[in-house]
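Protein chains in written order, with the numbering used here: chain P, 57 to 209; chain Z, 1098 to 1271. For glycine and all other residues, C-beta sits at the position ideal for the given N, C-alpha and C.
Structure below.
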């Protein structure tokens, strides 16, 4: 094998590995599937609006410290058990149900939980799903902004 | 007479101005004094080994307290760096302590083995999170001096060179 071919193989392998690694990250979610914290807070505070079912698909320890009021904890969607809990929770819901999923464990570009959750819900036929865009983490982008917060389970 | 009065007025204004500038600079020096370091909240949690770990038992050492989780990508990148820091500075009294914010211990055990971690890891919970002002995003790294006071708190992934510089500063100070 020539040196040039070896270099090409290494380069292609690197590109494939990087693509595979980022495939499950939140940054891969289509922008049209996102909702910002400002938008969600406005929605929640508008009495006549269609309130979404809000599901936290990240860490339980983080959830118990602070979460969006009335949101439900389902567990990390990067874990098969968490993903199954998500599927079970929404299975009997009408497929046009407005659902918001969120995590906030770590920076958006590194979150391993939202993409699997978004993919799973769309694969089940849900047509009105939004992922809450949290750029840094739940503390910085929600709690510190003074948005409504609840504690405990 | 009017000229003398005007000159006197100018002199008074200049002196008053110099006085206020001097006060401002003195105030600036005073405000540049760093706030006293706060004691790191003490805690006792269970290590992966099953043994209890109490933070205050490490007084006299410099502690790097790392809040992390196995599913946190930046944390996975930091772990080998912390293993390296522990290896290189162990004899100079650096102690790295990991607080896992995973929901259960089994994945942490696997991670510990896979990454050849060489420092104690305890299972965290919401209580310690609140004790440290809310651990609502990972990773968080705190540097604690030999007297048990928080020297620095880093939210999010931090360049290891920054942490190492702070560690060296603390190791070399009393």
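Can you tell me which of the three DSSP states residue i falls into?
i	result
residue 95 (chain P)	helix
residue 130 (chain P)	coil
residue 160 (chain P)	coil
residue 190 (chain P)	coil
residue 1225 (chain Z)	helix
residue 88 (chain P)	helix
residue 1163 (chain Z)	strand
residue 1192 (chain Z)	strand
residue 179 (chain P)	helix
residue 144 (chain P)	helix
residue 1236 (chain Z)	coil
residue 1213 (chain Z)	coil
residue 151 (chain P)	coil
residue 1186 (chain Z)	helix
Leaving out the 5 sequence neighbours to the left and right, which residues in its chain are closer than 7 Å to residue i when beta-carbon positions are compared?
i	result
residue 1218 (chain Z)	1144, 1145, 1195, 1197, 1205 and 1209
residue 206 (chain P)	123 and 125
residue 1187 (chain Z)	none
residue 130 (chain P)	111, 112, 113, 138, 141, 142 and 145
residue 162 (chain P)	193
Of the residues the options, which one's Cα is nearest the Cα of residue i?
i	options	result
residue 138 (chain P)	P:163, P:115, P:202 and P:155	P:115
residue 1232 (chain Z)	Z:1259, Z:1199 and Z:1245	Z:1199
residue 154 (chain P)	P:186, P:172 and P:164	P:186
residue 196 (chain P)	Z:1100, Z:1234 and Z:1101	Z:1234
residue 1180 (chain Z)	Z:1170, Z:1163 and Z:1168	Z:1163
residue 1169 (chain Z)	P:202, P:204, P:169 and P:158	P:169
residue 1238 (chain Z)	Z:1161, Z:1229, Z:1182 and Z:1226	Z:1161
residue 121 (chain P)	Z:1132, Z:1214, Z:1255 and Z:1222	Z:1222
residue 1267 (chain Z)	Z:1137, Z:1158 and Z:1214	Z:1158
residue 201 (chain P)	P:60, P:179, P:94 and P:88	P:94
residue 1177 (chain Z)	Z:1252, Z:1213, Z:1100 and Z:1236	Z:1213
residue 1167 (chain Z)	Z:1201, Z:1137, Z:1149 and Z:1136	Z:1201
Please list, in chain order, the chain P residues whose beta carbon lies closer than 8 Å to that of residue i.
i	result
residue 1200 (chain Z)	115, 116, 117, 131 and 132
residue 1227 (chain Z)	121
I'd like the list of long-range same chain contacts for residue i, defined as Cβ closer than 8 Å, with 5 residues on each side in sequence excluded.
i	result
residue 183 (chain P)	151 and 152
residue 1182 (chain Z)	1161, 1191, 1193, 1257, 1260, 1261 and 1264
residue 212 (chain P)	Absent from the model: residue 212 (chain P). The displayed extent of chain P is 57 to 209, so no value can be given.
Starting from the beta carbon of residue i, find every residue of chain Z whose beta carbon is closer than 8 Å, and list them in chain order.
i	result
residue 254 (chain P)	Given a span of 57 to 209 for chain P in the structure shown, any question on residue 254 (chain P) remains unanswerable.
residue 199 (chain P)	1231 and 1233
Residues in its own chain within less than 6 Å of residue i by CB, not counting five upstream and five downstream?
i	result
residue 1152 (chain Z)	1139 and 1140
residue 189 (chain P)	90 and 92
residue 1263 (chain Z)	1240 and 1249
residue 198 (chain P)	93
residue 1254 (chain Z)	1171
Kindly list, in the order they appear in chain P, the residues whose Cβ is closer than 9 Å to that of residue i.
i	result
residue 1168 (chain Z)	114, 115, 132, 134, 135, 161, 162, 168 and 169
residue 1171 (chain Z)	162, 163 and 166
residue 1221 (chain Z)	117
Name, please, each residue of chain P whose Cβ falls closer than 7 Å to the Cβ of residue i.
i	result
residue 1195 (chain Z)	Simply none; closest approach about 14 Å.
Determine which residues of the stretch 115-133 of chain P have a Cβ less than 7 Å from any Cβ of chain Z, and write them out in chain order. Those residues of the stretch 115-133 of chain P that come within reach of chain Z (Cβ to Cβ, closer than 7 Å) are 115, 116, 117, 118, 120, 121, 122 and 132.
Residues of the stretch 167-195 of chain P in Cβ contact with chain Z at a cutoff of 7 Å, in chain order, please. Residues passing the 7 Å Cβ filter: 168, 192, 193, 194 and 195.
Taking beta-carbon pairs under 9 Å, can you tell me which members of the stretch 1237-1256 of chain Z lie near chain P? The stretch 1237-1256 of chain Z vs chain P, Cβ under 9 Å: 1252, 1253 and 1254.
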